[in-house]
Structure formats: C-alpha cells, structure tokens
Amino acid sequence: MNKIEHIGIAVANLADSLLIYEKLFGEPAYKHEQIASEGVNTAFFRNGPNKIELLEATNPASPIAKFIAKKGEGMHHIAFEVNDIVTEIARLKSEGFIILNETPKKGADNKLVAFLHPKSTNGVLIELCQEIR
Ligand code: ZN
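Numbering-wise, our numbering comes out as the position in the sequence shown, counting from 1, plus 148.
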C-alpha cells in the first residue's frame with residue numbers, strides 16, 4: 149500500500165459541510181461527483197499528497213444514510229492507494245481479512261475500489277483504491 153489516498157467523512161448535508169471544509173482548507177472542493185450505484189454525493193478537497201472526501205447519502209438505503217443513522221456524522225473510512233488492486237485483494241484475503249467486494253468496483257475520483265469489513269480491521273472501514281489509467 150502506497151499511502152493514505154483519502155479519508156472519507158460521512159456528512160448529513162453536503163452543502164452545509166462544503167462551507168465548513170472550504171473554510172478549513174481555505175479553498176473550494178476540486179471535484180463533485182455523484183456515485184449513483186452507492187447512493188452518494190461526494191466532494192473532494194486536496195490536502196498535500198492526500199485528499200478528504202465528503203460523502204452525503206442520496207437515498208435512505210445508501211450505506212452513508214445507514215452509517216449516520218447508527219453512528220452519526222464523522223469519519224467513515226480510510227482509503228489506501230494500491231498499484232494493483234486485484235493482487236492486493238487476493239493477498240489480504242489470504243491473510244484472513246474480510247473483503248466486502250472481491251471484485252473491484254468503480255468508485256469516485258476515477259478509482260477502482262474495494263472495501264475491507266471493519267470487523268477484520270479493528271472497527272475501521274478500509275478502502276483500497278487504484279487509479280484507473
Ligand atoms: Zn473513499
């Protein structure tokens with residue numbers, strides 16, 4: 149795993165949170181993207197070599213809606229950049245991690261993504277992401 153690519157934060161209202169994070173970073177989000185398959189609206193901020201992803205649910209069945217209902221707003225996942233997501237999924241699976249989607253799917257910000265179940269990572273939802281080239 150190369151580095152922390154981004155940290156995902158679950159927010160109840162993206163428009164409200166954009167105002168807060170624009171103030172925090174002193175610049176606007178560089179990207180807004182809706183991922184219909186995941187039921188989320190996202191916005192990305194740059195922070196040095198890393199990014200912050202804000203996630204808002206677009207419907208009540210969205211994983212973000214369920215997360216907020218259970219835990220409230222806050223840190224949702226840490227994403228690590230990998231060079232070869234298929235190889236990395238196989239390696240982590242053989243190490244006993246629970247992979248939520250063994251076939252990588254198209255995520256936000258031009259990435260292939262896969263998630264590790266928090267049960268196997270001390271309560272932290274971990275995202276693997278590989279840039280689509
Ligand atoms: Zn993410």
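C-beta: ideal position from N, C-alpha, C; glycine also.
If you're wondering where the values come from, they're calculated on a predicted model, not measured in any experiment.
Using DSSP bridges, identify the partner residues of residue i.
i    : result
N231 : Answer by DSSP bridge pairing: none, since N231 is not bridged.
L202 : I157 and A191
V261 : K253 and C277
E181 : T190
M223 : I157
K151 : E229
Is it right to say residue i is buried, meaning 16 or more other beta carbons lie within 10 angstroms of its own, or is it exposed?
i    : result
D257 : buried
L172 : exposed
P252 : buried
S210 : buried
K199 : buried
Which residue from the options puts its Cα closest to that of residue i?
i    : options                   : result
E279 : L167, I246, Y178 and V261 : V261
A227 : L162, H180, F263 and K171 : F263
G222 : I233, P208, A158 and E181 : A158
L203 : N270, N150 and H154       : H154
P197 : L167, N270, D164 and N150 : N150
E250 : L276, I212 and P208       : L276
V234 : A160, I212 and K259       : K259
E229 : G255, T206, A205 and L248 : G255
G156 : N270, E201 and G220       : E201
Short of 6 Å in beta carbon distance, which residues of its chain neighbour residue i, apart from the five on each side in sequence? Order them along the chain.
i    : result
S268 : F245 and I246
Looking only at its own chain, which residues have a Cβ that is under 7 Å from the Cβ of residue i, when we skip the five neighbours before and after it?
i    : result
L273 : H224, H225, F263 and P266
Does the stretch 198-216 come within contact of the stretch 242-249, defined as at least 3 CB pairs closer than 8 Å? no
Would the stretch 223-242 and the stretch 178-196 be scored as touching if the rule is three or more Cβ pairs under 8 Å? no
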